[in-house]
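Down below is the structure, laid out as structure tokens.
In this note's numbering, the protein residues as written are 39 to 306.
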């Protein structure tokens, strides 16, 4: 299992790096759109859309929301997204007590998917248009990867105390701390390189810490929705990783917060 996970992860890493470096902006937007629409297909399964045409209808709805959000003012969208993720944090923290608020209605879970996917799509594309777009996207990706990888290996090696066990029994306090510290290390390294529009090294570290926490929240939210749906993985076509949502869940929460932080710091 670990071998498959590493091989798949390496392939995805190479493809992601190649896309960021070599794809012109229109093609990058097209690729990100395809990824998010495939993720919407998987989310439709989580909200009990089993027939292909109902899932396709949900994907079409997400596509329409992408178009509408592209023309919306960016800061209000990101602030609304921040509010959404605080609501999501409350639901994760109170699971399963707060489950009845969102799990009984298909439409509520459908809106959850839109709030998760569409702002992330918008954020990645806006970042790509920025002056240092490639560097900023790499920084975001490496932050998320460091958090995920650190949490996985530290949790596997030293994890003893459960963390959010009702949401995801395999997560541990040690894994959480390990992932957070790995992300902080990446942010500290970035702060010494001087290649980002953020001139204040301390603020780079603070931004990295905040983004790391939201990345963990994105992972927990997807775990909560999967547990409610009785699903282990959102798909089976990425050996060792499951589905596409299983691979990008952390990024979906991290990307809008990263972009919002850059805007608030006048660093985009």
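No residue lacks a Cβ here, since even glycine has one placed at the ideal position from N, Cα and C.
Check your understanding: Do residue 84 and residue 267 have their C-beta atoms within less than 8 Å of each other?
Key -> yes
**Study point:** Span of the alpha helix (DSSP H) around residue 243
**Key:** That run of the alpha helix (DSSP H) goes 239 to 267.
Check your understanding: With distances taken from CA atoms, which of 223, 171, 157, 187 is nearest residue 61?
Key -> 171
Point to revise | Cα-Cα separation between residue 302 and residue 247, rounded to whole angstroms | key: 16 Å
Check your understanding: Near residue 182, what residues of its chain come up, given a Cβ to Cβ distance below 7 Å and the 5 sequence neighbours on each side ignored?
Key -> So the qualifying residues of the chain are 253, 288, 289, 292.
**Study point:** Straight-line Cα distance separating residue 155 from residue 274
**Key:** Near 20 Å, if we compare the C-alpha coordinates of residue 155 and residue 274.
Exercise for review: Could you tell me how far apart the beta carbons of residue 217 and residue 185 are, in whole angstroms, since I believe they sit closer than 8 Å?
Suggested key: 4 Å
Review point. What's the gap between the Cα of residue 165 and the Cα of residue 158?
Key: Rounded to the nearest angstrom, the two C-alpha atoms are 11 Å apart.
Review point. Exposed or buried, what is residue 163 when buried is set at 16 or more other beta-carbons lying within 10 Å of its beta-carbon?
Key: buried
Check your understanding: Out of 304, 199, 295, which has the shortest C-alpha to C-alpha gap to residue 117?
Key -> Ranking the options by Cα distance to residue 117, first place goes to 295.
Check your understanding: Relative to the C-alpha of residue 97, which residue among 151, 220, 140, 208 is closest?
Key -> Here the closest residue by C-alpha is 151.
Point to revise | Cβ-Cβ separation, residue 258 to residue 206 (assumed contact under 8 Å), whole Å | key: Contact between residue 206 and residue 258 holds, since their C-beta atoms are separated by about 7 Å, short of 8 Å.
**Study point:** Among 239, 215, 212, 153, the one whose alpha carbon lies nearest that of residue 225
**Key:** 239
Practice item. Have a look at residue 104 and residue 95 and give me their C-alpha separation to the nearest angstrom. Key: 14 Å
Check your understanding: CB-CB under 6 Å to residue 188, same chain, minus the five flanking residues each way: which ones, in chain order?
Key -> 216, 217, 220
Exercise for review: For residue 201, count neighbouring C-beta atoms within 10 Å of its own C-beta (all shown protein chains included) and say buried if the count is 16 or more, exposed if not.
Suggested key: buried
**Study point:** Helix, strand or coil at residue 200 [DSSP, three-state]
**Key:** strand
Point to revise | Own chain partners of residue 119 with C-beta closer than 6 Å, once the 5 adjacent residues on each side are dropped | key: 157, 294
Review point. Should residue 346 be labelled buried (16 or more other beta-carbon atoms within 10 Å of its own) or exposed?
Key: As shown, the chain starts at 39 and ends at 306. That puts residue 346 outside it, with no answer to give.
Point to revise | Length of the line joining the Cα atoms of residue 179 and residue 123 | key: 19 Å
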